[in-house]
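Counting in our numbering, the sequence shown runs from 601 upward without gaps.
Inspection log for the structure reproduced underneath, given as structure tokens.
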Amino acid sequence: MASKLKDEQIAKLIADYALMGSYHAVAKQNRVSENTVKKYVQNSGFAEFADICERKKEDIKADLGAYMDANRDRVCEIIGLALEVLPDKIQNAKTATEVTTALGTLIDKWAPKGTAAGGQDSREDDPITQALRGKYGDAVR
Numbered sequence: 601m602a603s604k605l606k607d608e609q610i611a612k613l614i615a616d617y618a619l620m621g622s623y624h625a626v627a628k629q630n631r632v633s634e635n636t637v638k639k640y641v642q643n644s645g646f647a648e649f650a651d652i653c654e655r656k657k658e659d660i661k662a663d664l665g666a667y668m669d670a671n672r673d674r675v676c677e678i679i680g681l682a683l684e685v686l687p688d689k690i691q692n693a694k695t696a697t698e699v700t701t702a703l704g705t706l707i708d709k710w711a712p713k714g715t716a717a718g719g720q721d722s723r724e725d726d727p728i729t730q731a732l733r734g735k736y737g738d739a740v741r
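See the structure below:
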């Protein structure tokens with residue numbers, strides 16, 4: 601019969617589970633059974649706490665999405681103003697770094713995610729691009 605784990609070992613199992621999120625991985629790393637890890641994690645209340653954190657994270661994400669949707673027109677207006685000012689800023693730039701930073705930011709925000717030269721778009725657009733697409737449609741690439 602296996603001996604009872606010490607408090608430090610139990611704390612390590614719970615901490616490892618917090619990092620890895622896998623009973624199997626923690627069991628393998630600590631050379632104990634998966635059931636042992638599961639028992640101590642569940643008895644600690646950590647699993648419920650992790651679920652609460654995950655739900656809260658999803659709530660925050662939804663709230664942020666709602667906020668961004670509510671401010672879409674405002675953001676597009678600000679971006680429009682920036683795009684009007686940017687050519688002068690680039691033309692009056694004192695260093696190449698100022699020019700390349702401005703161009704890099706523009707390219708990064710306007711290029712579809714995951715697109716290599718001539719490649720197919722493979723990732724979702726960032727929120728700014730989504731907002732622009734909502735206002736200007738397919739004109740935003």
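In this text, a Cβ means the ideal position worked out from N, Cα and C, and glycines have one as well.
Everything numeric in this text was worked out from a predicted model, so none of it was measured.
A buried status is given to Tyr-617, since no fewer than 16 other beta-carbon atoms sit within 10 Å of its beta-carbon. Taking the Cα positions, Lys-606 is about 14 Å away from Lys-639. Collapsing the DSSP output to three states places Val-632 in coil.
Within a 10 Å sphere around the beta-carbon of Leu-619 sit fewer than 16 other beta-carbons, which makes this residue exposed. The segment 662 to 676 makes no contact with the segment 631 to 638: fewer than 3 CB pairs, one atom from each, lie closer than 8 Å.
For the pair Gln-642 and Asp-659, the Cα-to-Cα distance works out to about 24 Å.
Cα atoms of Val-699 and Lys-709: separation of roughly 16 Å, rounded to the nearest angstrom. CA-to-CA, the gap between Ile-610 and Ser-622 works out to about 15 Å. Residue environment: Val-626 is assigned as buried (16 or more neighbouring CB atoms within 10 Å of its CB, all protein chains considered). Shown here for Ala-647: same chain residues with a beta carbon closer than 7 Å to its own, the five before and five after excluded, namely Val-641 in chain order.
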